[in-house]
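**Student:** Going by the working numbering, the final residue of the sequence shown carries number 381, and the count climbs one at a time with no gaps.
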Amino acid sequence: MVRRTIEILALIAFVMITSLLILNYATPASPAEPFPDKEALTEARHYLKLDDETVQCQICPRKCVIEEGQRGTCRNRKNIEGKLYSLVYARPCALNIDPVEKLPLFHVCPGGMRLNLATASCNLKCRNCQNWYLSQRAPEEVESQSLSPEQVVGLALGSDLKLISFTYTEPTVGYEYMYDIAKLAEERGIMMLLNTNGFINPKPLRELLQYVDAVNIDIKGFSEEFYATNCSGELEPVLRSAMIVKEELKHLEIVNLIIPTLNDDISQIREMCLWIKENLGEDVPLHFTRFFPAYKLTKLPPTSIDTLEKARETAIGVGLKYVYIGNVPGHKADNTYCPGCGEKLIGRLGLTLTENNVKGGKCIFCGLKIPGIWNQK
Ligand code: SF4
Numbered sequence: 005m006v007r008r009t010i011e012i013l014a015l016i017a018f019v020m021i022t023s024l025l026i027l028n029y030a031t032p033a034s035p036a037e038p039f040p041d042k043e044a045l046t047e048a049r050h051y052l053k054l055d056d057e058t059v060q061c062q063i064c065p066r067k068c069v070i071e072e073g074q075r076g077t078c079r080n081r082k083n084i085e086g087k088l089y090s091l092v093y094a095r096p097c098a099l100n101i102d103p104v105e106k107l108p109l110f111h112v113c114p115g116g117m118r119l120n121l122a123t124a125s126c127n128l129k130c131r132n133c134q135n136w137y138l139s140q141r142a143p144e145e146v147e148s149q150s151l152s153p154e155q156v157v158g159l160a161l162g163s164d165l166k167l168i169s170f171t172y173t174e175p176t177v178g179y180e181y182m183y184d185i186a187k188l189a190e191e192r193g194i195m196m197l198l199n200t201n202g203f204i205n206p207k208p209l210r211e212l213l214q215y216v217d218a219v220n221i222d223i224k225g226f227s228e229e230f231y232a233t234n235c236s237g238e239l240e241p242v243l244r245s246a247m248i249v250k251e252e253l254k255h256l257e258i259v260n261l262i263i264p265t266l267n268d269d270i271s272q273i274r275e276m277c278l279w280i281k282e283n284l285g286e287d288v289p290l291h292f293t294r295f296f297p298a299y300k301l302t303k304l305p306p307t308s309i310d311t312l313e314k315a316r317e318t319a320i321g322v323g324l325k326y327v328y329i330g331n332v333p334g335h336k337a338d339n340t341y342c343p344g345c346g347e348k349l350i351g352r353l354g355l356t357l358t359e360n361n362v363k364g365g366k367c368i369f370c371g372l373k374i375p376g377i378w379n380q381k
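Right, dumping it as structure tokens:
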């Protein structure tokens, strides 16, 4: 009874915090400020000039061919007189302060607070998107603020925050802004965290990773069919990005949102876990998160706790060592357990840390080294 009451209170707190933070800065918007003149826009990185008037964006696997005056699929990169420009540089549509646990990154500075930003739009079209009112809109359709990379980093330092992250929408399509913030953050001793769909090409990803400390990649389902029908995307580039993050020796965590009837087949989940173990390693934290009806999938029910627990058992069964259940505040799989001695290492209740038994990157009970970044710069 007591446990149940704690769970309900934690859930209420979780929903309230989430709603407040998002509503505070990301209300579905009135028309934004008009774009500045071409001279004041930032030229895109990573594109090819195909002829005097046509360009091809090289940021993500879509490789949009964009005629003069047109935009790419994400709607925030525009060809103006044969040059490609970002329409979201220094125009964040969400800005707030969140616990790092919310990203989720459970093995990075537990309990740390981060300055969090998002820019409008995305290069995927997930039917379940929780943030569709930001991600599935063009830049001029959402309210945004004017904030240069210097101002973002200054804001973090002024608020004594040592972590900056991009989340809610897809940072890949606001590449130039994210890159400049990451570079500046690194110079000023601030850690850079990314929450990404991983749908990005290798060259821009590797360039960006020079200045990034930790990455959380969504593997949204483990079949090309799921990606094609639910996200208008592809799985293979996402898996390639996860491998690149490991190759570049950056901390990586994986999120898999389980949607009833669409990607909850346990044999496919097992296949994904085996792939993670073989290609990323058994130490990579994996978060199975609970789906709630949203956007174009309002008729499906929330994921059952039973399904999430079966997925976790499957992952542990194939040998993954750190497997979490997310969006179920109060669930014991929100905690980190030591794979060496089984003791609780990090206790969590919703977004609140209740205990931390990792000291100097090791379990205080048995001394096992725990993967992650445990101290701020
Ligand atoms: S980032 Fe946008 S414009 Fe560039 S290839 Fe991807 S969808 Fe197209």
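The C-beta atom is built at its ideal place from N, Cα and C for all residues, glycine as well.
Since we're looking at a predicted model, the values are computed, not measured.
#1: If you measure between the beta carbons of residue 118 and residue 84, is that distance less than 8 Å?
#2: Can you grab the Cα-Cα spacing for the pair residue 288 / residue 68, in whole Å?
#3: With distance defined between alpha-carbon atoms, name the residue in 266, 45 and 262 nearest to residue 87.
#4: Report the option in 58, 145, 255 and 351 whose CA atom is closest to the CA atom of residue 285.
#5: Note down, one range per segment and in chain order, each beta strand (DSSP E) of at least 3 residues found wholly within the stretch 327 to 370.
#6: For the candidate residues 173, 263 and 152, whose alpha-carbon lies nearest to that of residue 188?
#7: Counting along the chain, where does the beta strand (DSSP E) carrying residue 168 start and finish?
#8: I want to know whether the stretch 209 to 218 touches the stretch 228 to 241 - three or more CB-CB distances under 8 Å.
#9: Mind checking whether the beta-carbon of residue 76 lies closer than 7 Å to any heavy atom of the ligand SF4?
#10: Just tell me which of 149, 251, 100 and 129 has its CA closest to the CA of residue 163.
#11: What do you reckon, is the C-beta of residue 141 under 7 Å from a heavy atom of the ligand ZN?
#12: To the nearest angstrom, report how far apart residue 70 and residue 150 are at their CA atoms.
#13: Since I believe residue 277 is in contact with residue 332 (beta carbons under 8 Å), could you give me their beta-carbon distance rounded to a whole number of angstroms?
#14: Taking one C-beta from the stretch 170 to 182 and one from the stretch 49 to 67 each time, how about it: are there three or more such pairs within less than 8 Å?
#15: Which first and last residues belong to the alpha helix (DSSP H) in which residue 212 is found?
#16: Spell out the partners DSSP gives residue 118 in its beta bridges.
#17: Alpha carbon to alpha carbon, what distance is there between residue 225 and residue 98?
#18: Which term fits residue 171, buried or exposed, when burial requires 16 or more other beta carbons within 10 angstroms of its beta carbon?
#19: Assign residue 373 to buried or exposed, taking buried as 16 or more other Cβ atoms, counted over all protein chains shown, within 10 Å of its Cβ.
#20: Excluding the five sequence neighbours on either side, which residues of its own chain have a C-beta within less than 6 Å of the C-beta of residue 12, listed in chain order?
#21: What I want to know is whether the C-beta of residue 322 ends up closer than 7 Å to one or more non-hydrogen atoms of the ligand SF4.
#22: Is it buried or exposed, residue 143, if we count other Cβ atoms within 10 angstroms and call 16 or more buried?
#23: Taking 8 Å as the threshold (C-beta atoms), are residue 361 and residue 349 in contact?
#24: Which two residues bound the contiguous alpha helix (DSSP H) that contains residue 140?
#25: Please report the straight-line C-alpha distance between residue 381 and residue 216, rounded to a whole angstrom.
#26: Residue 330: which of 194, 355 and 346 sits nearest, CA to CA?
#27: Which one or two residues does DSSP pair with residue 46 in a beta bridge?
#28: Rounded to the nearest angstrom, what separates residue 123 and residue 93 at their Cα positions?
#29: With C-beta atoms as the reference, is residue 127 less than 8 Å away from residue 203?
#30: Taking the alpha carbon of residue 314 as the reference point, which residue from 252, 282 and 268 has its own alpha carbon closest?
#31: Which residues share a DSSP beta bridge with residue 373?
#32: Mind pulling the alpha helix (DSSP H) runs of 4 or more residues that sit fully within the stretch 218 to 256?
#33: In the stretch 172 to 202, which residue ranges form an unbroken beta strand (DSSP E) of at least 3 residues, counting only runs that do not cross its ends?
#34: Compute the Euclidean distance between the alpha carbons of residue 165 and residue 239, then round it to the nearest angstrom.
#35: Looking at the ligand SF4, does it come within less than 7 Å of residue 200, judged from the CB to the closest heavy atom?
**Tutor:** Let me lay it out:
#1: No, the Cβ-Cβ distance between residue 118 and residue 84 is not below 8 Å.
#2: 33 Å
#3: 45
#4: 255
#5: 327 to 330, 348 to 353 and 356 to 360
#6: Measuring from the Cα of residue 188, the nearest candidate turns out to be 152.
#7: Residue 168 -> beta strand (DSSP E) spans 167 to 170.
#8: no
#9: yes
#10: 100
#11: Among the ligands present in this structure, namely the ligand SF4, the ligand ZN is not found.
#12: 26 Å
#13: Between residue 277 and residue 332 the Cβ distance is about 19 Å, and since that is not below 8 Å, they are no contact.
#14: yes
#15: 206 to 213
#16: 102
#17: 27 Å
#18: buried
#19: exposed
#20: Residue placement at residue 12 is poorly supported in this model, since its pLDDT is 38, which falls under 50; the coordinates still yield a value, given next. There are no such residues.
#21: no
#22: buried
#23: yes
#24: Segment: none, residue 140 is in no alpha helix (DSSP H) and carries neither H nor E.
#25: 13 Å
#26: 355
#27: 90
#28: 8 Å
#29: Taking C-beta atoms as the reference points, residue 127 and residue 203 count as a pair closer than 8 Å.
#30: 268
#31: Bridge partners of residue 373: 366.
#32: 240 to 251
#33: Taken in chain order, the complete beta strand (DSSP E) segments of 3 or more residues contained in the stretch 172 to 202 are 195 to 200.
#34: 34 Å
#35: no
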